[in-house]
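In what follows, a single structure is set out as structure tokens and then discussed.
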Amino acid sequence: MEIKPYTALTIISSSPQQRQVSAGATETSAAFTASLADKATISQAARDRLAEEAKGERTYDFTNIAPNDMLNAINSLIKNGEMSLDESSSLLAFAPLTELNAAMGKPGSTNQPINLFSGLEKMIAFNKSIHNDAGAIYAQKALSALKRLDGEY
């Protein structure tokens, strides 16, 4: 007959009470997690966004959109096939360069809303004034895409 040495840990972990406590702790942990999920609160804007996404509808206010939201909107529109890369390329000019701004001592403006329609119109006028025809064409593509998505086109 072989005698195996026991440590305090093996005695405790093999006791029936320990197994019972472990099972009870797992059930309690699962119940706690479920109750937290039920009590989690989200903002009304987040609720509205989830409801729109669930319906498959999404509207954007391109006259008053923060650059972070604009980037998310562009990505979503491209993924859904509602906007092409050509149509979106000029919109990237409105994305703030936060690292560059920080290096120059300027605060990033990722949450400051902008009007993409007026910004693109100014971009088109500027590109035409310096005879940058390609820039004007791509800015016009972006403007036309936003108007189409906004229902103005």
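Take any residue in the sequence shown, count from 1 to its spot, add 804: that is its number in my numbering. Idealized CB from N, CA, C, for every residue including glycine. This one's a predicted model, so the numbers in the text were calculated from it and none came from an experiment.
Going by the DSSP bridge assignment, what does residue 869 pair with across the sheet? Position 65 of the sequence shown, counted from the start, is the residue given in the question as residue 869. 918, per the DSSP bridge assignment.
Note down, in chain order, each residue of its chain lying with its Cβ closer than 6 Å to the Cβ of residue 940, except the 5 sequence neighbours on either side. Here the question's residue 940 lines up with position 136 in the sequence shown. Cβ within range, chain order: 928, 931, 932.
Using 8 Å as the threshold, is the C-beta distance between residue 946 and residue 892 below it? Taking the sequence shown and counting its residues from 1, the one referred to as residue 946 is at position 142. Taking the sequence shown and counting its residues from 1, the one referred to as residue 892 is at position 88. It is a contact, given that the beta carbons lie within the stated cut-off.
Take the Cβ of residue 922 as the centre, count every other Cβ of all protein chains shown within 10 Å, and call the residue buried at 16 or more, exposed below. Here residue 922 refers to the residue found at position 118 when the sequence shown is read from its first residue. Per the 10 Å Cβ criterion, exposed.
Identify which residue in 863, 953, 865, 876 has its Cα closest to the Cα of residue 914. Taking the first residue of the sequence shown as position 1, residue 914 is located at position 110. It is 876 whose Cα lies nearest to the Cα of residue 914.
Other residues of its chain near residue 919: CB distance less than 6 Å, five sequence neighbours each side excluded: By one-based count along the sequence shown, residue 919 stands at place 115. Cβ neighbours of residue 919 beyond the five flanking positions: 867.
Along the chain, where does the alpha helix (DSSP H) that runs through residue 892 open and close? Looking up residue 892 in the sequence shown gives position 88. From DSSP, the alpha helix (DSSP H) with residue 892 extends over 889 to 892.
Residue environment, residue 1000, which counts as buried when at least 16 other CB atoms sit within 10 Å: The chain is shown from 805 up to 957; residue 1000 falls before or after that span and cannot be answered.
Mind reading off the beta-carbon distance from residue 871 to residue 897? Whole number of angstroms is fine, and I expect it under 8 Å. Position 67 of the sequence shown, counting from 1, holds the residue named residue 871. Position 93 of the sequence shown, counting from 1, holds the residue named residue 897. Contact flag wrong, Cβ pair sits at about 11 Å.
Please state whether the Cβ-Cβ distance between residue 942 and residue 865 is less than 8 Å. Against the sequence shown, residue 942 aligns to sequence position 138. Against the sequence shown, residue 865 aligns to sequence position 61. Not in contact: residue 942 and residue 865 (Cβ atoms no closer than 8 Å).
With respect to 7 Å, is the separation between the Cβ of residue 877 and the closest non-hydrogen atom of the ligand NAP below this value? What this structure holds is no ligand at all, so the ligand NAP is not there to describe.
Mind reading off the beta-carbon distance from residue 869 to residue 917? Whole number of angstroms is fine, and I expect it under 8 Å. Walking along the sequence shown from the start, residue 869 turns up at place 65. Walking along the sequence shown from the start, residue 917 turns up at place 113. Confirmed, Cβ separation roughly 6 Å.
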